[in-house]
Amino acid sequence: MKNNLEQIRKEKGLNQEELGQILGVSRQTIISLEKGKYNPSITLAFKIAKYFGMSIEDIFIYEGEEK
Amino acid sequence: MKNKFYILGFSFGIMAIVLGLGINQLFDFTGKKMLCAGICLFGGLLMGFVGNKALSKRAIEEDEDIKREYYDERNTMIREKASYNANCINLILLGIAAVVFISLNYIIPAIVVTVILVIQPIVMIVCTEILEKRY
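Protein chains in written order, with the numbering used here: chain Z, 163 to 229; chain W, 307 to 441.
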């Protein structure tokens, strides 16, 4: 699953550690999310969307099942 | 509630060690040393396990960064996957140990290891049933 998290975070002027603290996750999780290596839980996806004032679909782009 | 569990566990550990040392000092029978060593080892393991749990809990409660790292959903997923993989590897190692014990004609260790091998999947099924009811 692709996402625009890195871009949105940078627009907000936050670093990964700060965003991690705000969302209650580790910096490593933010890195993995931005790289698309880790898909967040629905709770975390909602937290991210709520924090940035966007919908989940604006941040995360579902492209079907990975093969 | 949890603190009571830690205190109880730690007390049992100390009591087991004292019991082991006491039996060693007061009684005389065949196999005494092995029994005492076993009881003391159990007590030590219990103390170590409970002590480790208590210290981890304290660290999580006192340090926000450790708390965040501990409850982080990705770390939780990694821990769960690592535990599952470690369990699979443990089963294979126990199987190898059982074969080695049988080939060396160590009957009792072979029985113990085989029983553990049989119990392990049953424990897993029971845990799965409990978790299925919860979620």
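Note that the Cβ used here is the ideal one computed from N, Cα and C, for glycine as well.
Enclosing alpha helix (DSSP H) for Y390 (chain W) [first to last residue]: E379 to S409
Collapsed DSSP secondary structure at N201 (chain Z) in the structure displayed: coil
Quick check on this structure: which residue in W:V432, W:D378 and W:N411 has the alpha carbon closest to the alpha carbon of Q183 (chain Z)? W:D378
When you compare each of W:L352, W:Y376, W:G349 and W:M353 to S362 (chain W) by their alpha carbons, which one comes out closest? W:Y376
Cβ shell of K164 (chain Z) (< 7 angstroms), same chain only, five flanking positions each side left out: G198, I223 and E225
Using 9 angstroms as the limit for Cβ to Cβ distance, is Y200 (chain Z) near chain W? yes
Contacts that S217 (chain Z) makes with chain W (C-beta to C-beta distance below 8 angstroms): Those within 8 angstroms of S217 (chain Z) in chain W number zero; the least Cβ separation is about 21 angstroms.
Alpha helix (DSSP H) segment containing V418 (chain W), residue limits: I413 to R440
Over what stretch of residues does the alpha helix (DSSP H) that includes K339 (chain W) continue unbroken? K338 to E368
So K172 (chain Z) is in the alpha helix (DSSP H); what residue range does that whole segment cover? L167 to E173
State yes or no: is the C-beta of I170 (chain Z) within less than 9 angstroms of the C-beta of E179 (chain Z)? no
Can you give me the C-alpha to C-alpha distance between F316 (chain W) and E196 (chain Z), rounded to a whole angstrom? 44 angstroms
What does K164 (chain Z) pair with, by DSSP beta-bridge criteria? Z:I223
Would you please verify whether the beta carbon of Q183 (chain Z) is less than 9 angstroms from any beta carbon of chain W? yes
Cβ-Cβ separation, S188 (chain Z) to R374 (chain W) (assumed contact under 8 angstroms), whole Å: 6 angstroms
Burial state of L352 (chain W) (16 or more Cβ within 10 Å): buried
I210 (chain Z) versus K310 (chain W): straight-line alpha-carbon distance, rounded: 38 angstroms
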